[in-house]
Amino acid sequence: MSDHPLDAIFDRFISSPSIFKNHEVLRPSHIPDKLPHRDYEIQFLGKALGSALRNNRPSNIFLYGKTGTGKTIVSKYVTKYLQERANSIGKNIIVSLLNCVEIDTDYRVLARLCDLIGEPVPFTGLPTDEVFQRFKAKLDSKKQLLIVVFDELDKLHQKSGDNVLYQLTRINTDLKKAQVSLVCITNDLSFKETLDPRVRSSLSEEELVFKPYNSLQLEDILAERAKEGFHEGVLTEGVISLCAALAAQEHGDARRALDLLRVAAEIAERENESKVLQSHVRKASKQIEKDTIQEALISLPVQTKLVLWAVYVLEKSTLKVITTGDIYKVYLELCKTTGLDPITPRRANSLLNELSMLGVVNTKVVSMGRYGRTTKVSLSVSPRQTRNILCEDFYIKKVSDFNAQTLLGKD
DNA sequence: TGTCCACTGGAACGTACGGCTT
DNA sequence: AAGCCGTACGTTCCAGTGGACA
């Protein structure tokens, strides 16, 4: 017991005090008591939803703003307190926050809402219409207000259209006891134009745009959280402002700023330092970028990985410009070697577009006149990292030393 | 000025699967 | 057991297109 190989490491955790006082406070999901620089937004939403306490159905609300501008947290902040106050006077308000990145079909939206009001439904098997009927019946079984917050609504709309939105905006005419209000959040400013006009007008009875934070405002936000999150004096001079400045470069994203600060402190702790230094923040910045890419790549389906590998292989070749045609040629060869059934060019093209959405590759549609119209593709993440991550895959391993040169030479 | 390449990207459809209702 | 339903992944078909070249 005295000479366990982990003793040295574990002892360090026991003996030296943690940098963190409360780790949770530094997560973007935490809702603090104060939200600096969002007073107006909080008041606005509070006024809009407050009418619920007076038995009126609140207007439907549209919230715009880029990522990390506080849309989600302000919504949570306001609805949480609204629920508390409603409970204290015996009113029944249910709030459902739906993240449309995960809940991206009509069926899933309704299934989630059903779960919430105590009408569990299977995750597949029922007609969507049936789920809606059940939801409506259960909801109307007593007097209550349901506030549905659609976070990143554009993702739901993109995949499944506005069917469910239409139904939900109309539902109040059918309900006798219960009422439904909608809060829609999106970071796509032009999104509203793509909605069905009927849905659009009833969804945006009220509207609010969240402006990005500037560097100073981000500092305030970080300072506020740091008070609770860290022991006193562990953040050295300039750490907070560096986090703020780095995040402000990326359109004033508060989530990013918080992540930077938290990860920087984690790195400091791992390095057995008692204080967080600016160098830790820089390391954190690199680390976060790396993690994001890794997460995106590792979970890709095999076919997508193979298409990406084709891009990688071509990037390594002497070719100056990579087009979809070349990628497909290489892809077919990769399929031969790995023994996988190839997908069609059409499908490969879709996968390439998905990779572009993820920010893994750059794509640009170009016309080469006589020589047709195609898409120029390039890797937008480090090739070395792409290789390291993809080569963990069973199939990619088989083609890890594939050389595009011979193939291109033949043509 | 018109042609025509090498695709792009929308739409409809097919298949496999888990899981429901009757 | 039969008949649906939603989801994921893929195919087939094909009209549309930007711009270098004859």
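In terms of this note's numbering, the first sequence opens at residue -14 and continues consecutively.
We put the beta carbon where it would ideally sit given N, CA and C, even for glycine.
Predicted model, so just to flag it, every value in this text is computed and none were measured.
Helix, strand or coil at residue i according to DSSP, with G and I counted as helix
i, result
"Tyr49", "strand"
"Gln279", "helix"
"Asp396", "Confidence is the limiting factor: at Asp396 the pLDDT is only 42, short of 50, which leaves the residue's position unreliable, though a coordinate-based value still follows. DSSP places Asp396 in coil when its eight states are reduced to three."
"Thr323", "helix"
"Asn257", "coil"
"Asp238", "coil"
"Arg185", "helix"
"Arg42", "coil"
"Ile88", "coil"
"Val106", "coil"
"Asn347", "strand"
"Leu245", "helix"
"Ile(-1)", "helix"
"Ser81", "strand"
"Phe29", "helix"
"Ser226", "helix"
"Leu150", "helix"
"Leu220", "strand"
"Phe399", "For residue 399 there is no data in the structure shown, the boundaries of the chain being -14 and 396."
"Ser175", "coil"
"Ser284", "coil"
Close beta carbons around residue i, own chain, < 8 Å, minus the five adjacent residues each side
i, result
"Leu3", "The residue you asked about is not Leu; residue 3 is Ser in the sequence shown. Same-chain partners within the cutoff: His216 and Glu254."
"Glu190", "Ser44, Asn45 and Ile46"
"Asn7", "Glu213 and Gly214"
Residues near residue i in its chain [Cβ-Cβ closer than 6 Å; skip 5 each side]
i, result
"Asp396", "Residue confidence for Asp396 is low, a pLDDT of 42 falling below 50, so the modelled location carries little weight and cannot support an answer."
"Ile156", "Val165"
"Leu141", "Cys85 and Asp89"
"Phe29", "Leu193"
"Gly31", "Val63"
Inter-residue Cα distance where the pair is residue i and residue j
i, j, result
"Ser352", "Ile307", "13 Å"
"Arg39", "Lys268", "52 Å"
"Lys161", "Asp125", "7 Å"
"Ile132", "Gly53", "22 Å"
"Arg185", "Glu280", "35 Å"
"Ala233", "Ile283", "29 Å"
"Cys376", "Ser385", "7 Å"
"Ala389", "Arg355", "25 Å"
"Ser0", "Ile225", "27 Å"
"Leu336", "Lys301", "21 Å"
"Asp276", "Glu251", "14 Å"
"Ile328", "Leu34", "50 Å"
"Leu364", "Val248", "27 Å"
"Asn45", "Ala37", "12 Å"
"Tyr198", "Val261", "24 Å"
"Ile74", "Gln68", "10 Å"
"Tyr25", "Lys51", "17 Å"
"Val298", "Lys314", "12 Å"
"Leu207", "Ser270", "16 Å"
Nearest neighbour of residue i, chosen from the options [CA to CA]
i, options, result
"Gln118", "Gln288, Asp159, Lys6 and Arg267", "Asp159"
"Leu138", "Pro107, Ile170, Glu26 and Asp125", "Ile170"
"Glu209", "Ala239, Glu377 and Ser365", "Ala239"
"Lys21", "Thr303, Ser200 and Gly357", "One point to set straight first is that residue 21 is Pro, not Lys, in the sequence displayed. Of Thr303, Ser200 and Gly357, the residue nearest in Cα terms is Ser200."
"Pro368", "Thr154, Thr359, Ile79 and Ala295", "Ala295"
"Ile381", "Val346, Pro286, Leu343 and Ala232", "Pro286"
"Cys320", "Leu246, Glu377, Lys290 and Ala232", "Lys290"
"Glu222", "Glu251, His265 and Phe195", "His265"
"Glu87", "Ala96, Lys123 and Ala249", "Ala96"
"Thr371", "Ala333, Val315, Glu274 and Ser226", "Glu274"
"Leu413", "Asp(-12), Leu336, Phe176 and Leu67", "No answer is possible for residue 413: the residues shown for the chain start at -14 and end at 396."
"Thr64", "Gln202, Lys271 and Val168", "Val168"
"Leu130", "Thr179, Arg42 and Leu304", "Arg42"
"Glu258", "Leu340, Leu11, Gly218 and Leu299", "Gly218"
"Ser404", "Arg332, Pro330, Asp(-4) and Asp147", "For the chain, the structure presents residues -14 to 396; residue 404 sits outside this window and is missing."
"Leu203", "Arg23, Val10, His(-11) and Glu256", "Arg23"
"Arg398", "Leu243, Gly237, Ser341 and Tyr313", "A query on residue 398 cannot be resolved here, the shown segment of the chain reaching from -14 to 396 and no further."
Endpoints, the alpha helix (DSSP H) within which residue i is located
i, result
"Gln164", "That residue, Gln164, is in no alpha helix (DSSP H); its beta strand (DSSP E) goes Gln164 to Thr171."
"Ile206", "Ser200 to Gly214"
"Leu11", "Run containing Leu11: none; DSSP gives neither H nor E here."
"Lys383", "Phe379 to Lys383"
"Thr371", "Pro368 to Leu375"
"Thr113", "Thr113 to Leu124"
Span of the beta strand (DSSP E), counted from its first residue to its last, around residue i
i, result
"Glu192", "Glu191 to Val194"
"Val134", "Leu130 to Asp136"
"Ser73", "From DSSP, Ser73 is part of no beta strand (DSSP E) but of the alpha helix (DSSP H) over Lys56 to Ser73."
"Val306", "No beta strand (DSSP E) contains Val306, which DSSP labels as neither H nor E."
"Lys361", "Arg358 to Leu364"
Spatial neighbours of residue i in its chain, beta-carbon cut-off 7 Å, leaving aside the 5 residues before and after
i, result
"Lys128", "Asn77, Lys162 and Ala163"
"Val366", "Ile278 and Val345"
"Asp136", "Thr57, Leu82, Leu83, Asn84, Cys85 and Ile170"
"Tyr62", "Ile16, Leu20 and Ile27"
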